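Okay, so the sequence shown: first residue is 0 according to numbering that gives the first Met the number 0, each after it adds one.
From the three backbone atoms N, C-alpha and C, an ideal C-beta is built for every residue, glycine too.
None of the values given here were measured: they were computed from a predicted structure.
Structure record follows, encoded as structure tokens.
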Amino acid sequence: MERYKNSGGNSGVIAYEIADDSIKVKFSDNSVYLFSYRKPGSSHVEKMKILAIRGQGLNSYINTNVKYLYESKLR
Numbered sequence: 000m001e002r003y004k005n006s007g008g009n010s011g012v013i014a015y016e017i018a019d020d021s022i023k024v025k026f027s028d029n030s031v032y033l034f035s036y037r038k039p040g041s042s043h044v045e046k047m048k049i050l051a052i053r054g055q056g057l058n059s060y061i062n063t064n065v066k067y068l069y070e071s072k073l074r
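What follows is the structure, given as structure tokens:
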């Protein structure tokens, strides 16, 4: 996983891993969630990829738009 830049300084996201059709997100409590084209859908996943690479806004986006719409909890 790649370390999340956390440009805003107060994110609950600490790392992420991008694949063609999904993104895994690791949070400060060490939980890891998979968000995919299947759930919550490609438009959300593509936006999350952009925010992850930018290093800002990913945690807010997840909390506002896809909080419980993950495909699976991996850890």
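So, for residue i: in the same chain, excluding its five sequence neighbours on each side, which residues have a beta-carbon less than 6 angstroms away from its beta-carbon?
| i | result |
| --- | --- |
| E16 | M0, K23 |
| I13 | Y3, K25, S27 |
Which partner residues does residue i have in the DSSP bridge list?
| i | result |
| --- | --- |
| R74 | R74 is not bridged to any residue. |
| K23 | E16, L33 |
Whole angstroms is fine: what's the gap from residue i's alpha carbon to residue j's?
| i | j | result |
| --- | --- | --- |
| S42 | Y36 | 8 angstroms |
| K25 | I49 | 16 angstroms |
| V65 | E45 | 13 angstroms |
| G54 | G8 | 10 angstroms |
| A18 | S59 | 21 angstroms |
Considering only residues of the same chain and omitting the five flanking positions on each side of residue i, which have a CB-CB separation below 7 angstroms?
| i | result |
| --- | --- |
| L68 | K38, P39 |
| L33 | S21, K23, Y69, E70, S71, L73 |
| S30 | K72, R74 |
For residue i, does the three-state DSSP call read helix, strand or coil?
| i | result |
| --- | --- |
| K48 | helix |
| Y60 | helix |
| S30 | coil |
With distances taken between CB atoms, is the gap from residue i to residue j smaller than 8 angstroms?
| i | j | result |
| --- | --- | --- |
| S6 | L57 | no |
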